[in-house]
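Chains as they are written, first to last, in the working numbering: chain A, 111 to 354; chain B, 119 to 369; chain C, 29 to 291.
Think of the CB as a built atom: it goes at the ideal place given N, C-alpha and C, for glycine as much as any other residue.
What follows is one structure encoded as structure tokens, with my remarks underneath.
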Amino acid sequence: MIWTVELRAKLGDFGLDVSLESEAPTLALVGPNGSGKSSIVRMIAGALSPVAGELQVAGEVLFSSRAGLNVAMERRRLGYMPQGFSLFPHLNVLDNVAYGLREKPSGLSRREAREFAKQALRRVDSEGLAERAPETLSGGEQQRVALARALAVSPRALLLDEPLSALDMTARHSVRQTLARHLASTGLPTMMVTHDVRDVAALGAECWVLENGRVVQKGSLGELRARPSNAFVEDFLAAGEGMD
Amino acid sequence: MRVRSAGALLGLLFVGACGNPRGGAQPVVVFAAASLMEAFSGLEQAYEERFSDRDVRLSFAGSHVLRMQVEQGARVDLLATADLRHLDSLQARGLASPPVPFAVNRLAVVVNEEGLEHIQNLEDLLNLDRIVLGSAEVPVGQYARQMLSLCGDELASGVMGRVVSFEDSARLVRAKVELGEAQAAVIYQSDLVGSRGIRGIRIPEHCRVSPVYGISLAQTARTEAAEDFLELLRSDVGLEILRGHGFEEVP
Amino acid sequence: MRRKPSGHSIGTLLAFTLVVLLVLPLVALLLSAGTASLSAGLSDPLFGPALALSLRTTALALVAIVVLGTPLAWWLSRSSTRGRMLVEALVELPIVMPPAVLGVALLQAFGRDGVFSPVVGDLGGIPFTETAVVIAQVVVAAPFYVQGAANAFREVDSSMMGVARSLGSSPARAFLRVAVPAALPGLCVAASLAWARALGEFGATLLFAGNLSGETQTLPLAIYTALQADVKLAVVFSLALAGLGGFLLLLLRVLPRKVRGIQ
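The following block contains the structure:
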């Protein structure tokens with residue numbers, strides 16, 4: 111199993127209760143605002159702790175209330191991109207990407223880390239940005255750099271919380287292509303929160319539809335089209351039609 | 119390079135401050151009333167000339183502040199104040215030896231140039247509108263009140279009504295007149311020595327007040343060095359220095 | 029469209045008034061001290077030791093404030109418990125208390141007649157020592173740093189900290205590698221404010237540490253002493269203190285940018 115996500119937690123005024131497994135490398139969490147999508151991603155990343163449950167990603171147990179196990183965030187080796195732009199403002203692009211390579215388990219010297227970081231930037235077509243300061247970058251450029259930074263440490267999976275929603279049309283399209291190309295070539299397990307059906311289509315992701323902290327439907331885009339479980343799914347699918 | 123020289127400068131500051139210029143001997147610490155500032159600085163010089171391996175440290179403030187600091191545990195050898203009251207109370211608490219009177223001062227009513235235009239004698243103080251006195255907690259303030267009441271209730275209440283500030287020591291009173299913030303003030307005759315742009319006016323015989331200065335050995339004193347200072351103070355050399363700064367001999 | 033410029037010029041006038049009010053005393057100080065009295069004043073025996081003591085004690089106080097205050101400020105910026113409000117209020121209390129009150133309070137805490145002396149015994153005679161000077165400065169100035177630093181840390185996005193953790197940093201490493209450098213300009217401003225407050229500290233020092241030349245007489249205390257001997261001297265000392273303060277405030281604002289430039 112690539113994903114084992116069994117979570118129970120109290121979130122504001124509703125409870126999160128999810129129990130799913132999947133062999134699909136790419137997952138898309140969809141659902142209305144406040145349905146618990148971001149919370150799931152943050153719990154898998156380790157930024158938030160569930161009350162009980164079991165989390166496994168790519169064969170590695172990250173959390174298990176039964177076994178009393180809760181792996182520290184920094185040892186989960188997951189590439190995490192939260193909502194918004196979160197580049198470190200005090201470091202230039204190259205040092206942003208090199209950041210994680212200086213930490214365990216990579217533990218590279220500054221020079222080696224920068225060398226690797228250059229390669230990571232090249233993979234997202236951004237080697238020209240290396241010496242720039244984050245605040246001088248466009249939104250699309252920032253997300254490319256953030257992606258390179260997450261990928262540079264060779265994570266066992268990628269967790270993306272609405273990575274494209276803050277970008278304009280053109281940037282969204284081009285970053286999406288870069289992401290799709292990279293995931294297709296590496297097969298890196300990826301979970302993505304999105305509101306855009308085109309993301310799901312481009313990545314060939316399996317959808318988990320959430321509502322009030324529960325998964326109400328699971329399946330490919332085709333399966334969702336065949337039997338949409340609620341009005342949200344219908345709207346979600348309709349939003350993409352005629353736009354591509 | 120700049121960082122290194124800044125570091126060196128910092129290091130120098132620390133070393134410079136910790137090194138004792140007089141070869142490790144504990145300094146004689148003397149707390150003294152503000153009005154003794156120049157006189158005791160002169161004594162310090164004379165003392166350090168006589169005992170070249172010793173160091174004197176002086177601290178000046180209003181007598182009540184000095185007393186409070188001794189009560190709270192300041193390490194001090196000698197304590198000289200402008201009256202005997204503060205020393206008596208320290209003695210009663212076992213913190214100081216019985217006070218020894220060592221000098222007499224006189225009160226002086228002083229005016230600056232602005233005040234001088236309106237004043238011939240003491241009664242003319244009522245022509246002014248900005249007078250400064252010492253506060254009731256410090257000797258110079260207590261003596262001033264004593265002097266005014268000797269001069270008569272009318273003058274006393276008139277002057278008190280024209281006071282714009284009560285200061286914490288004789289020297290702070292003087293500074294206010296020198297700066298022109300006040301036209302007149304009551305300070306010590308010794309404060310007139312070395313002052314700028316102020317003059318004393320004649321005080322009638324019947325309202326003269328002559329404060330007696332006292333000095334005590336503190337409980338924390340290292341007696342030998344401190345007693346040497348006391349001895350110098352009461353020697354002819356000491357008397358000469360005190361006279362030079364406007365003080366008089368104890369009768 | 030008429031209103032905007034007039035509102036703007038009123039704002040300018042108000043701002044200008046405040047700047048004049050702040051700068052005027054310094055200009056007066058400068059004008060009242062001639063160059064002759066300036067050089068005479070700076071060679072006065074009171075000046076050198078007081079300056080050295082001020083620089084040394086405020087440097088120590090600043091180090092103590094930053095080392096002790098930074099973790100506290102971080103906690104204040106992250107915590108949302110009710111306890112935080114209480115701690116925040118307590119930390120800021122010294123700002124509203126007159127320094128003389130703090131001096132008396134410090135004596136009551138550490139002095140010979142102190143509240144705790146029956147319990148802990150004589151605390152090595154802290155009052156009236158250089159240590160007392162540093163303690164007084166820390167108590168008076170630390171709130172300015174903690175408050176400013178907490179505000180600077182609040183600007184550090186917590187999801188950015190999450191990213192640092194996911195990239196392999198322990199909480200402590202993430203704090204040192206991301207939170208501190210990201211907040212550095214704000215931290216420097218806060219530190220410079222605290223440093224300036226420590227440099228100007230007078231009331232608590234006078235009461236808690238005394239006024240002994242070469243031992244506890246900082247520059248502000250030397251000014252107080254000089255005022256009792258020679259007003260001109262006090263003016264020169266004040267000018268030196270103002271110049272020093274201005275220079276270091278400027279330095280601490282320029283420095284973080286330089287550091288950033290190097291990275």
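Those residues of the region 223-244 of chain C placed with their C-beta closer than 7 Å to a C-beta in chain B are GLY238, ASN239, LEU240, SER241, GLY242, GLU243, ordered along the chain. Contact check for PRO122(C) against VAL168(C) passes: the beta carbons are separated by less than 8 Å.
Sequence-distant partners of LEU211(A) (beyond 5 residues in either direction) whose C-beta falls short of 7 Å from its own C-beta, in its chain, are LEU218, ALA223, PHE226, ALA227, ALA262, VAL263. Put simply, the backbone Cα of GLN287(A) is about 8 Å away from that of ALA312(A). Residue range 63-70 is occupied by the alpha helix (DSSP H) that includes SER67(C). Residues of the region 252-266 of chain C with a C-beta less than 7 Å from any C-beta of chain B: THR253, LEU255, GLN256, ALA257, VAL259, listed in chain order.
In this structure, the CA atom of ALA315(A) is about 51 Å from the CA atom of ALA219(C). Contact of SER267(B) with chain C by beta-carbon distance below 9 Å is absent, the smallest such distance being about 27 Å. Neighbours of ALA152(B) across chain C, judged by C-beta separation under 9 Å: THR253, GLN256, ALA257. Chain-ordered, the chain B residues with CB closer than 8 Å to the CB of ARG140(C) read GLU189, GLN190, GLY191. Cβ-Cβ distances below 8 Å link GLN252(A) to PHE195, LEU197, PRO244 in the same chain, with the five nearest sequence neighbours on each side left out; the list follows chain order.
Interface annotation for the region 156-179 of chain B against chain C: GLU156, ARG175, LEU176, SER177, PHE178, ALA179, criterion Cβ-Cβ distance under 8 Å.
For VAL167(A), the uninterrupted beta strand (DSSP E) segment begins and ends at 162-167. The continuous alpha helix (DSSP H) containing ALA133(C) extends over residues 127-138. Closer than 8 Å to the CB of ALA101(C) there is not a single CB belonging to chain A.
Neighbours of VAL147(B) in chain C, taken as residues at a C-beta separation under 8 Å, are given in chain order as LEU240. In the structure shown, PRO219(B) falls within a strand segment according to DSSP collapsed to helix, strand and coil. A Cβ-Cβ contact shorter than 8 Å links ASP201(B) with PRO329(B). One Cα belongs to GLN245(C), the other to VAL94(C), and the distance between them is close to 24 Å.
The C-beta distance from GLY228(C) to GLY176(C) rounds to 17 Å, too long to meet the 8 Å contact threshold. In this structure PHE158(B) does not touch ALA164(B) by the C-beta definition: roughly 10 Å separates them, more than the 8 Å allowed. Residue ranges of uninterrupted beta strand (DSSP E) with 3 or more members, entirely inside the region 225-312 of chain B and ordered along the chain, are 225-230, 249-252, 281-285, 302-306. In the DSSP assignment, VAL171(A) forms a beta bridge with GLN166(A). Judged by DSSP in its simplified three-state form, ALA214(B) adopts strand. Under DSSP, ARG317(B) takes part in a beta bridge, and its partners are VAL229(B). Rounded to the nearest whole angstrom, the C-alpha separation of LEU274(A) and GLU116(A) is 27 Å. The beta carbon of SER105(C) does not come within 8 Å of any beta carbon belonging to chain A, so the residue lies off that interface.
In the structure shown, GLU333(A) adopts helical secondary structure according to DSSP, grouped into three states. Under the 10 Å beta carbon count, LYS147(A) is surrounded by 16 or more other beta carbons and is classified as buried. A Cβ-Cβ contact shorter than 8 Å links ARG185(B) with LEU208(B).
Taking 8 Å as the upper bound for CB-CB distance, GLN193(A) and ASP271(A) are in contact here, some 5 Å apart.
Here DSSP, grouped into helix, strand and coil, assigns ASP123(A) to coil. Distance from ALA262(C) to ILE251(C) at the Cβ level is roughly 5 Å; contact confirmed, criterion being Cβ atoms closer than 8 Å.
Near chain A, meaning a CB-to-CB distance below 8 Å, no residue of the region 153-178 of chain C qualifies. The C-beta distance from VAL148(B) to ASP195(B) rounds to 6 Å, short enough to fall under 8 Å.
Not a single C-beta of chain B is nearer than 8 Å to the C-beta of LEU283(C).
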